[in-house]
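Peer 1: Here it is, the structure in full.
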Amino acid sequence: MRKYERVLKLGNNLTNYYKHKRPYKFKFKVSGCPNDCMNAIERADMAIIGTWRDDMKVDQEEVKAFVAKNGSKYVVDNVISRCPTQALSLNDDNTLAVDNRNCVRCMHCINVMTKALSPGDDKGVTILMGGKRTLKIGDLMGTVVVPFMKLDTEEDYERITEIAEETIDFFAENALEHERTGEMIERIGLVNFLEGIGLEVDPNMISEPRQSSYVRIDTWDEEADKWVERKAEEKAA
Ligand code: SF4
């Protein structure tokens, strides 16, 4: 199946699911890559965004050609220094060093150096919940609730539909009249929301990258043990 067909299929699967009368609207948006041209993070109750988890691909010859054409000052001023996590540096031989562990997949460098850089091969999606424009409270960006999942097999599609169903059911039962998901999450707390939709708390879930993790720290050790156990089980499977 082609990439755009997958996105359409996913959108159809999700928007066809409306079992309950809901207290207010619930929007899905699907963006193929972290550029998020759909504005899913800002607008959707459930945002599904294509991403990758291995290293980005770098064609060093194309990097050198880009530097030769535009000059190293241009590259430093417009690519290197605009990386939000300072994950890039230009080597003396005009090749590019990427600190992939610190790359937050913002797409900036890839958008500028289109021939030299591209996303990695291990692709999947990130799921965020709770984005919305102003209503009862001000604008909210979606919060990461599934840091990464593959979206290749029928089972993967079923899993994502399951998460959507759980979320809409929980929303239908717990939101106040005329309340969006993000507002409900603010009111009841993210940990309660996650428990309600059956997602395990994970340290990779973040509401503000590089600033604060929203996971509860009063039970941090237990949560960390659970996470380590889950990872070991996944590895053994
Ligand atoms: S994608 Fe964004 S965060 Fe990652 S290296 Fe490029 S500019 Fe930096």
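Residue numbers for the sequence shown follow our numbering, so the first one is -19 and each next one is one higher. Where is the CB? At the ideal position from N, CA and C, for every residue including glycine.
At a cut-off of 6 Å, would you count leucine 70 as near the ligand SF4, judging by its Cβ distance to the nearest heavy atom?
Peer 2: Leucine 70: no, Cβ never under 6 Å from the ligand SF4.
Peer 1: Just verifying my parser: in three-state terms, what is the DSSP assignment at threonine 161?
Peer 2: Helix.
Peer 1: How would you label valine 55, buried or exposed, when you count the other beta carbons within 10 angstroms and need 16 or more for buried?
Peer 2: With 16 or more Cβ atoms within 10 Å of its Cβ, valine 55 is classed as buried.
Peer 1: Kindly identify the DSSP beta-bridge partner or partners of tryptophan 200.
Peer 2: Per DSSP, none; premise fails for tryptophan 200.
Peer 1: Looking only at its own chain, which residues have a Cβ that is under 8 Å from the Cβ of phenylalanine 151, when we skip the five neighbours before and after it?
Peer 2: Same-chain partners within the cutoff: Arg2, Pro3, Phe6, Asp25, Thr161, Met164.
Peer 1: Helix, strand or coil: which one does DSSP assign to phenylalanine 6?
Peer 2: Correct three-state label for phenylalanine 6: coil.
Peer 1: With DSSP collapsed to three states, give me the class of leucine 170.
Peer 2: Residue state, collapsed to three classes: helix.
Peer 1: Could you tell me the alpha carbon to alpha carbon distance between asparagine 91 and proline 183, rounded to whole angstroms?
Peer 2: Approximately 29 Å between the Cα atoms of the pair.
Peer 1: Confirm the yes/no value for this check: CB of valine 181, any heavy atom of the ligand SF4, distance under 6 Å.
Peer 2: No.
Peer 1: Could you tell me whether the stretch 109 to 118 touches the stretch 40 to 59, using the rule of 3 or more Cβ pairs below 8 Å?
Peer 2: They do not touch, by the three-pair rule.
Peer 1: In angstroms, rounded to a whole number, what distance separates the CA positions of leucine -10 and valine 10?
Peer 2: Approximately 8 Å, taken between the alpha carbons.
Peer 1: Report all residues for which the CB-ligand distance to some heavy atom of the ligand SF4 is below 6 Å; order them along the chain.
Peer 2: The set, ordered by position in the chain, is Cys63, Pro64, Thr65, Ala67, Leu68, Val78, Cys83, Val84, Arg85, Cys86, Met87, His88, Cys89, Ile90.
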